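Engineer: Sharing a structure, written as structure tokens. Questions coming.
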Amino acid sequence: MARGGAGPYSTPAPPIMRLGIGPYVWNSNCHRGDQGAKENATAFPQSIGLAASFSVNGVPACVNKQLMTDILRKAWKFQGYVVSDEQALEYVISTHKYMQSFEDVAAASVAAGVNLELSANMPQPVFLSIVKAVEQGKLSESLVKERIKPLFYTRMRLGQFDPPEWNPFSRLSNKDVVTPAHLAMALKVAKKSFVLLKNINRFLPLQASEFKTVAIIGPMADNYAQMFGNLPPIQSRVFAKTPLEGLKEIFPTVRYKPVCEEETKCTNYSRKAVQELVNGTDLVIAVFGTGPAVEAENNDRPNLELPGMQKKVIEEIIEHSGTAKILVVLMNAGPVNVTFLDMDSKVQAILECFFPGQATGDAIREVLINKGGNSSPAGRLPVTWPLYASQIPPMTNYSMRNRTYRFSDLSPLYPFGYGLSYSQFRYESLTSVSKVKAMENLSFEVTVKNIGDYDADEVIQCYISWVRSDLPVPVRQLGHFSRIYIKRGEEILHRATISWQRWAFWNKGLWQVKKGPMNLFCGGQQPNQTKKVPSDVLSVKFYIMNSATATDDL
19 MARGGAGPYS
29 TPAPPIMRLG
39 IGPYVWNSNC
49 HRGDQGAKEN
59 ATAFPQSIGL
69 AASFSVNGVP
79 ACVNKQLMTD
89 ILRKAWKFQG
99 YVVSDEQALE
109 YVISTHKYMQ
119 SFEDVAAASV
129 AAGVNLELSA
139 NMPQPVFLSI
149 VKAVEQGKLS
159 ESLVKERIKP
169 LFYTRMRLGQ
179 FDPPEWNPFS
189 RLSNKDVVTP
199 AHLAMALKVA
209 KKSFVLLKNI
219 NRFLPLQASE
229 FKTVAIIGPM
239 ADNYAQMFGN
249 LPPIQSRVFA
259 KTPLEGLKEI
269 FPTVRYKPVC
279 EEETKCTNYS
289 RKAVQELVNG
299 TDLVIAVFGT
309 GPAVEAENND
319 RPNLELPGMQ
329 KKVIEEIIEH
339 SGTAKILVVL
349 MNAGPVNVTF
359 LDMDSKVQAI
369 LECFFPGQAT
379 GDAIREVLIN
389 KGGNSSPAGR
399 LPVTWPLYAS
409 QIPPMTNYSM
419 RNRTYRFSDL
429 SPLYPFGYGL
439 SYSQFRYESL
449 TSVSKVKAME
459 NLSFEVTVKN
469 IGDYDADEVI
479 QCYISWVRSD
489 LPVPVRQLGH
499 FSRIYIKRGE
509 EILHRATISW
519 QRWAFWNKGL
529 WQVKKGPMNL
539 FCGGQQPNQT
549 KKVPSDVLSV
559 KFYIMNSATA
569 TDDL
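Structure representation (structure tokens):
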């Protein structure tokens, strides 16, 4: 089920089937929403495409030639193969009611561009009807052979037809799996993904020796199964460490209780247990969130609230923890309503960890104490974090109005690209060329200095905006970002370019660039935000000297 278009604060919208979304206007909304995103997705010659289960412009994606041939292969030069989403071919008949026989679906999907079927373990998958479709004249044998070629190209590139001694993968054994290098990579990736949302009076990094009595509480604190997110590979408990296990290495004596019943669903809790746990402590580390039990594929949350009674548990912690400092660690995929935590002065810090995987415990410990003096969080939010649910457009309305940071004038709780650091950075001397041609890249440079107390990564973010335009252009557009490590007291001169494609806009079936003045902003976050990071955002103007229309798809 999918939900959206909620009312104020947390009122859920009526649920809809995720395959039941109405006609979607591809040429305007998709191009406006995903401009620039496909370069990475189609960069490799043997990449894999997935034909979705839902329909586009009233045509199921698996039989949509416009999508898979005209756009994906011809316009985007895609050379890989396309596999159907699980059971998507059967949905063409059972859900979309678009066709009536497996032979028709097999013929239409192969003609549209599907190379491989992912069936739902059916004894008679749709693609077994390809032979009948050819015999009935609905599909040519030559086209079937063309669709097979990318599958075998991929297998050849993987070495599946080579002698085993030629294939380096054939020499791998258990000793080559989960090596020290792999474990180090898992830890590095987890640490780099954390986003610091709040840090009053530089409460973090923690000085562990200052806290004699520590309480760790919450349904995600020692929940191995929930810290990997939805659809992870096979997990090994041997190599995984929960937040509780990691934190015990710096706080040998801790009080701990999950408190919530039914894990993250938190259908009930004991007020007495909460009060006994936090009473008389110096520090409370509250680890809350969602997990795949309440947030997964085909298991959408009805609103932005923390699941079940989690909010009530946290309110109990705040009420009964006395003078204890409170640190909230969040583990979730989509945003949750933490406005009450952001505004409460007793909550010293909020660290967003998402689902860090097997290195969760070690990563949280090292970031909280800034291990090595260079473990400051430097992740930046990859999404806009709404202030309340009514800021989210309905799932049934796929226009770009108020969707993403690019087309929204609303003030979120945390904007796209937001994230704090243990250190502080100053931006100086932003300069760029003053004029560019319509299809000419913009060169610029900016100086960034670490004026804080710690060595740390900074994420330089540069946005463009239109001073005026007669097209429905974005409010702002991310043009460039770069994560750079800067030692305390040092400065770097960052030079980069922004592709002209970032100010091209899809309108009336064409990519257009209009001449006129543009703004360039560079800093540690988006310009003109209510929620700010300590660093400033600089701006300069440049001018596009001529209008132009792109002759090929970007």
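Position 544 (the sequence shown) corresponds to 562 in this note's numbering; numbering is contiguous.
Yeah, the Cβ is synthetic: ideal placement off N, Cα and C, and Gly gets one too.
Every value quoted in this text rests on a predicted model; they were computed, and no experiment measured them.
#1: Compute the Euclidean distance between the alpha carbons of P395 and M349, then round it to the nearest angstrom.
#2: Output the distance between the C-alpha atoms of G527 and E508, rounded to the nearest integer angstrom.
#3: Can you tell me whether R289 is buried or exposed? The criterion is at least 16 other CB atoms within 10 Å of its CB, across all chains shown.
#4: Using DSSP with H/G/I as helix, E/B as strand and the rest coil, what is L557?
#5: Can you tell me where the alpha helix (DSSP H) with D380 in it begins and where it stops?
#6: Along the chain, where does the alpha helix (DSSP H) that runs through M245 open and close?
#7: Closest by CA to I268, which one among A151, R486, K389 and T422?
#8: Considering only C-alpha positions, which residue in the set I66, G67, L68 and F72 is nearest to T414?
#9: Could you compute how far the alpha carbon of Y445 sits from the alpha carbon of V354?
#10: Kindly indicate which three-state DSSP category N564 falls into: helix, strand or coil?
#11: Can you tell me whether K453 is buried or exposed, with buried defined as 16 or more other CB within 10 angstroms of its CB?
#12: Less than 8 Å separating the beta-carbons of V144 and F120?
#13: Which residue wins for smallest C-alpha separation from Y287, given the options E263, G247 and Q328?
#14: Beta-carbon within less than 8 Å of R255's beta-carbon, same chain only, minus the 5 sequence neighbours each way: which residues are those?
#15: Taking only beta-carbon atoms, is I89 less than 8 Å away from chain D?
#16: For the region 150-228, which segments carrying the alpha helix (DSSP H) assignment without a break, of at least 4 residues, lie completely within its bounds, in sequence order?
#17: Any idea if K455 is buried or exposed, counting beta-carbon neighbours within 10 angstroms, 16 or more meaning buried?
#18: What did DSSP end up calling V232 once you bin it into helix, strand or coil?
#19: In whole angstroms, what separates the C-alpha of S429 from that of K343?
#20: Would you kindly check if the distance between the Cβ of N537 and the Cβ of I482 is under 8 Å?
#21: Kindly indicate which three-state DSSP category P552 falls into: helix, strand or coil?
#22: Please state whether DSSP places R319 in a helix, a strand or coil.
#23: Mapping DSSP to helix, strand and coil, what is H13?
#24: Would S102 pass as a contact of A69 if the rule is Cβ separation under 8 Å?
#25: Of the residues H114, M117 and N133, which one's Cα is nearest the Cα of M86?
#26: Can you tell me whether G435 is buried or exposed, with buried defined as 16 or more other CB within 10 angstroms of its CB?
#27: Could you please give the first and the last residue of the uninterrupted alpha helix (DSSP H) stretch that includes E263?
#28: Once DSSP output is grouped into helix, strand and coil, what is the label at R444?
Structural biologist: Reading off the structure:
#1: Our two residues, P395 and M349, have alpha carbons roughly 15 Å apart in a direct line.
#2: For G527 and E508, the distance between alpha carbons rounds to 48 Å.
#3: Note on R289: under 16 other CB atoms within 10 angstroms of its CB, so exposed under the neighbour-count rule.
#4: Reading off the sequence shown, one finds Ser at residue 557, where the question assumed Leu. In this structure, S557 counts as strand in the three-state DSSP scheme.
#5: For D380, the enclosing alpha helix (DSSP H) starts and ends at T378 to L386.
#6: Here M245 belongs to no alpha helix (DSSP H), and DSSP marks it neither H nor E.
#7: Checked all of A151, R486, K389 and T422; the closest Cα to I268 is K389.
#8: In this structure, F72 is the residue among I66, G67, L68 and F72 with its C-alpha nearest to the C-alpha of T414.
#9: When only Cα atoms are considered, Y445 and V354 end up about 32 Å apart.
#10: DSSP places N564 in the coil class of the three-state scheme, outside both helix and strand.
#11: With fewer than 16 other Cβ atoms within 10 Å, it is exposed.
#12: At the C-beta level, V144 and F120 come within 8 Å of one another.
#13: If we check each option's Cα against that of Y287, Q328 comes out closest.
#14: Only residues of its own chain outside the window of five on either side were considered, and among them Y242 have a CB closer than 8 Å to the CB of R255, listed in chain order.
#15: The structure shown contains no chain D, having only a single protein chain.
#16: Counting whole runs of 4 or more residues, the region 150-228 contains the alpha helix (DSSP H) stretches 159-175 and 198-211.
#17: So K455 ends up on the exposed side.
#18: Correct three-state label for V232: strand.
#19: Their Cα atoms are separated by approximately 29 Å.
#20: N537 sits close to I482, with the two beta carbons spaced by under 8 Å.
#21: DSSP places P552 in coil when its eight states are reduced to three.
#22: Correct three-state label for R319: coil.
#23: There is simply no residue 13 to check, as the chain begins at 19 and stops at 572 in what is shown.
#24: In this structure, the beta-carbon distance from S102 to A69 falls below 8 Å.
#25: It is N133.
#26: Residue environment analysis places G435 among the buried positions, since at least 16 neighbouring C-beta atoms fall within 10 angstroms of its C-beta.
#27: Taken as a continuous stretch (DSSP letters only), the alpha helix (DSSP H) holding E263 covers P261 to L265.
#28: Of the three classes helix, strand and coil, the one that applies to R444 here is strand, per DSSP.
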